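In my numbering, the protein residues as written are 995 to 1193.
Cβ atoms here follow ideal geometry from the backbone N, Cα and C, with glycine treated the same way.
Predicted model only: the values in this text are computed from it and were never measured.
Notes follow once the structure below has been shown.
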Amino acid sequence: DSALLAPRPVPVVVQWFSDTVDQRLLLKRADKLLASASSGSFQIASCLERHHVELCMAGALREMYLTGDVSAVGQPCLDAYTFANLTCSLHQCLTPLGQRRHQGKLKDALKSDFGFASYRTEQYGILLGLRIGCDVNPVDIEGAANYDFEYSTGGDILEVECKLLTHDFGTLFRRSEFHRLCRELEKRRSRLLPEFSSK
């Protein structure tokens, strides 16, 4: 468990993560996300909330190649780094089959409209299990069960399935409807801003 939570140097984590999901795809994904985010603050905030892992990892990768230094990691990149570090640790604990399935899961998340949001929820579940003193077995990644993982302690086993409400609920909306909502929120916010006189 301590090995799973042990931090690694930022360049090592960034390099591992980008190699695992494919550097070219990661950079292309980040460029596409930045281009698709309009000037509306609600859309930009939504993009950062859903996709900051991809954006921060791509930014860190570029910075590493340009300057060789990615030591100054701040929010929200610290959260993205923590996610990538735990992902790297978990990957090394898996069987060869589990590693192949895990890599496929990461690449699928890179293509998803919700990015790594759902997978991050699973990681919170893993961290919770470790913090309350359980052994955590990632049975879904290993292909041993159709739920996410097991908590076990003192001979008792608990099956755990993680769901992300915003991910499942959000899939019911079309992208055009979401953009329309963002535009309406921008208009409303503009109308509520105070107007100052020439004085």
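> By how many angstroms is the C-alpha of Leu1186 removed from the C-alpha of Gln1017?
Replying inline: C-alpha separation (whole angstroms): 43 Å.
> Going by alpha carbons, who is nearest to Ile1135 out of Gln1093, Asp1073, Gln1086 and Asp1013?
Replying inline: Ile1135 has its Cα closest to that of Gln1093, out of Gln1093, Asp1073, Gln1086 and Asp1013.
> If we ignore side chains and look at the alpha-carbon of each, how far apart do Arg1088 and Val1133 end up?
Replying inline: Going by the sequence as given, residue 1088 is Leu instead of Arg. Approximately 10 Å, taken between the alpha carbons.
>> Tell me the residue span of the alpha helix (DSSP H) that contains Tyr1118.
In response: Where Tyr1118 is concerned, the enclosing alpha helix (DSSP H) stretches over Ala1111 to Arg1125.
> Taking the C-alpha atoms as reference points, what is the distance between Ile1038 and Arg1056?
Replying inline: Cα to Cα, the separation comes out at about 21 Å.
> Do you know how far the Cα of Gln1117 is from the Cα of Val1154?
Replying inline: Answer to the nearest angstrom: the Cα atoms are 12 Å apart.
>> Quick check on the DSSP output: the alpha helix (DSSP H) that includes Leu1020 runs from which residue to which?
In response: Taken as a continuous stretch (DSSP letters only), the alpha helix (DSSP H) holding Leu1020 covers Gln1017 to Ser1030.
>> Once DSSP output is grouped into helix, strand and coil, what is the label at Asn1140?
In response: Asn1140 falls in the coil class under three-state DSSP.
> Ile1151 by DSSP, collapsed to three states: which one?
Replying inline: Ile1151: strand per DSSP, three-state reduction.
> Using a threshold of 6 Å, is the CB atom of Tyr1145 nearer than that to any non-hydrogen atom of the ligand HEM?
Replying inline: Only the bare structure without any ligand can be found here, which leaves the ligand HEM out of the picture.
> How big is the Cα-Cα spacing for Lys1095 and His1173?
Replying inline: Reading off the sequence shown, one finds Arg at residue 1095, where the question assumed Lys. Computed Cα separation, rounded: 34 Å.
>> Among the candidates Leu1080, Ala1074 and Lys1101, whose CA atom is the shortest distance from the CA of Asp1013?
In response: Minimum Cα distance to Asp1013 is reached at Lys1101.
> If we ignore side chains and look at the alpha-carbon of each, how far apart do Leu1104 and Lys1026 end up?
Replying inline: Straight-line Cα distance between these residues: approximately 12 Å.
>> If I follow the unbroken beta strand (DSSP E) through Asp1102, where does it start and stop?
In response: Note, Asp1102: premise wrong, no beta strand (DSSP E); alpha helix (DSSP H) at Pro1090 to Lys1105.
> Apart from the five residues on each side of it in sequence, which residues of its chain come closer than 6 Å, Cβ to Cβ, to His1045?
Replying inline: Leu1027 and Gly1109, listed in sequence order.
> How many whole angstroms separate the CB atoms of Ala1031 and Met1051, which I take to be in contact at a CB cut-off of 8 Å?
Replying inline: Between Met1051 and Ala1031 the Cβ distance is about 17 Å, and since that is not below 8 Å, they are no contact.
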